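A.B. asks: Residue numbers (our numbering): 1030 to 1295. In this text, a Cβ means the ideal position worked out from N, Cα and C, and glycines have one as well. Please read all numbers here as calculations on a predicted model, not as lab measurements. Handing you a structure now.
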Ligand code: BTN
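The following block contains the structure:
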């Protein structure tokens, strides 16, 4: 990854001066969180060529080998109550679909809540972390971290995820310029930040179109417990509406949902 090349795709961008590029780092989210605590400005972006301790959702690790992926985190400071940005992760998913489509000519789907997928395989993931001001209970900052597989061949993926992972290269048959992908991600994140509170309804209706989970047989996973149902839609905050066999409908807002036929759930 190369800062100058990224900037060449982002002429006069408002965040241009705040983009840091590292060859190797433990986790871009961890660094941006630390910068957030130290008072860094909104729009601070950290990109790494490789992460040694990339983090995923639910305390998992996110394998982040060098030379093939884009690992990017950004700091935002929406000074609102956390309840006003419940849709943030969905909005990031939409922004990333736009970014990938612009940079690589292929539009991913979104597996609720925030996996980017192509067909039945995972292209990337999103980890949003929020810090509250303890006095005001308003958001102090959010860190949005995104990892996108770009250049991997099948054999580059760890055996444990090979069957369920894909890359832009595998999906398009072309080499994809990671600097261009990173630039498009930044461009779309800045647009998202400007529209976050005003475009909620429009973003959620676009998200519903890209979300591959709706209409599928799914399992809601909570610890050891798995409950089968059908994903029937989204609520206004981006929660997944699940209908269980007894006819009850529940909105799920956290945890994990497996889709039958994806990622090894048969
Ligand atoms: C997931 O799929 O569970 C979310 C993965 C998020 C990975 C990205 S890579 C950039 C940023 N830094 C991290 O440590 N994690 C996120």
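1. Note the first and the last residue of the continuous alpha helix (DSSP H) segment covering residue 1217.
2. Give the secondary structure of residue 1233 by DSSP, where H, G and I count as helix, E and B as strand, and everything else as coil.
3. Counting Cβ pairs, one atom from each stretch, are 3 or more of them under 8 Å apart for the region 1125 to 1137 and the region 1279 to 1286?
4. Identify the continuous alpha helix (DSSP H) that holds residue 1040 and give its terminal residues.
5. Cutting at 6 Å between CB atoms, please list the residues of its own chain near residue 1100, excluding the five before and the five after it.
6. With distances taken between CB atoms, is the gap from residue 1241 to residue 1284 smaller than 8 Å?
7. Is residue 1175 near the ligand BTN, with its Cβ less than 7 Å from a heavy atom?
8. I'd like to know if the region 1044 to 1052 and the region 1067 to 1077 are in contact, where contact means that at least 3 CB-CB pairs between them fall below 8 Å.
9. In terms of DSSP beta bridges, what is residue 1289 paired with?
10. What number of angstroms, rounded off, separates the C-alpha of residue 1066 from the C-alpha of residue 1102?
11. Give me, in chain order, the residues of the same chain whose beta-carbon lies closer than 8 Å to that of residue 1135; leave out the 5 immediate sequence neighbours on both sides.
12. Say yes only if the C-beta of residue 1094 is nearer than 7 Å to one or more non-hydrogen atoms of the ligand PLP, and no if none qualify.
C.D. replies: In short, the structure shows the following:
1. 1207 to 1224
2. helix
3. no
4. Unbroken run through residue 1040: none, as it is neither H nor E.
5. 1057, 1077, 1080, 1093, 1176
6. no
7. yes
8. yes
9. None, per the DSSP bridge assignment.
10. Those two C-alpha atoms are separated by around 15 Å.
11. 1129, 1147, 1197, 1200, 1201
12. With respect to the ligand PLP, the structure offers nothing, as its ligand set consists of the ligand BTN.
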